[in-house]
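Peer 1: Quick note, the sequences are listed as chains A and B, same order.
Every position in the first sequence, counted from 1, becomes a number in the numbering used here once 473 is added.
Every position in the second sequence, counted from 1, becomes a number in the numbering used here once 473 is added.
Beta carbons are placed, not taken as given, at the ideal position from N, Cα and C, and that holds for glycine.
2 protein chains.
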Amino acid sequence: MNATLTALAEPNRLRIVELLRDKPRPVGEIAKRLRLCQPQVSKHLRVLSDAGLVDVRPVAQQRIYQLRSEPFNELDTWLETFRRRVSDRMDRLEDLISERKAKKEREKDHGH
Amino acid sequence: MNATLTALAEPNRLRIVELLRDKPRPVGEIAKRLRLCQPQVSKHLRVLSDAGLVDVRPVAQQRIYQLRSEPFNELDTWLETFRRRVSDRMDRLEDLISERKAKKEREKDHGH
DNA sequence: GGAGAATATACCTGTCAAGGCATATTCAAG
DNA sequence: CTTGAATATGCCTTGACAGGTATATTCTCC
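#1: At the level of alpha carbons, what is the spacing between A/Asp495 and B/Val532?
#2: Between A/Leu521 and chain B, is the shortest Cβ-Cβ distance under 8 Å, so that the two count as touching?
#3: Below 8 Å on C-beta distance, what does A/Pro484 contact in chain B?
#4: Return the residue from the list A/Asp549, A/Arg498, A/Ala482 that minimises the CA-CA distance to A/Val527.
#5: Taking just the CA atoms, how far does A/Leu478 sit from A/Arg486?
#6: On a CA-only basis, which of B/Arg536, B/Val520, B/Leu507 is nearest B/Ala482? Give me that one, please.
#7: Using the C-alpha atoms, what's the distance from B/Arg508 back to A/His583?
#8: Would A/Glu553 and A/Gly525 be called neighbours here (beta carbons separated by less than 8 Å)?
#9: Given that a residue counts as buried once 16 or more other Cβ atoms are within 10 Å of its Cβ, and exposed if not, what is A/Met474?
#10: Which of the three DSSP states, helix, strand or coil, is assigned to A/Arg541?
#11: Name, in chain order, the residues that DSSP records as bridge partners for A/Val532.
Here it is as structure tokens:
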């Protein structure tokens, strides 16, 4: 999970991922389209590969990179845990404040 | 989008976000639960705040931090664009290879 | 208004990662 | 087997960022 986020956090890597969203591409094409130097692209792809975000397929001297679905599914699952909770926050905040006040009252009583 | 990912990529910030998922909390409580120093927590919360991931509410000398829903919704929307595409990749890869071969044939014919 | 709690900020330091550049590797084709 | 294309890797430098510590700020309460 953290590996996925770290990999996606880098702007150029995000661009690469969004480019690969359309279809698999060889390194050179990615470099050309994003106007990046080839070594940098290879390095970014290495990071993405280590994070499990992409797969490689050799075709002649080319290496075709493609997205993998798992990390995105995991990210989606993780996001799910934020769905309803977030909409309930306001109420919970009120609860917290009430609790806090009540606690303070209790302490005050206890002190005397 | 990139701001969101960058903010979430840091392990301790991710822990903070996951802690806030349950309910809003003051700085001190976050520090205690995650066994982090208070200044570091404040700094992380600053980053999260700048990225729009959290809101603050002063209550006495405390500052109650809570998650905001927008960035998570945006992240979810972004993820949506990867849903179907990823499952189509295999076919597209085949297409790419076919195209590539066809192109090569064409070049060969043209050369002669 | 003085003391102490809760939090934010400033400064320093070390680490890590991204870019630039040169070079190694692998493969196709003549 | 030599050449050139496509890609990966190694080394170096630099900038950003996280942690540590001290200090500033803000509020409550007496």
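Peer 2: Taking the structure as given:
#1: 48 Å
#2: No, no contact with chain B.
#3: Asn475
#4: A/Arg498
#5: 11 Å
#6: B/Val520
#7: Because A/His583 sits at a pLDDT of 39, beneath the cut-off of 50, its placement in the model cannot be relied upon, and the following sentence gives the value as read from the coordinates. Cα to Cα, A/His583 sits roughly 30 Å from B/Arg508.
#8: no
#9: exposed
#10: The three-state secondary structure of A/Arg541, taken from DSSP, is coil.
#11: A/Gln535
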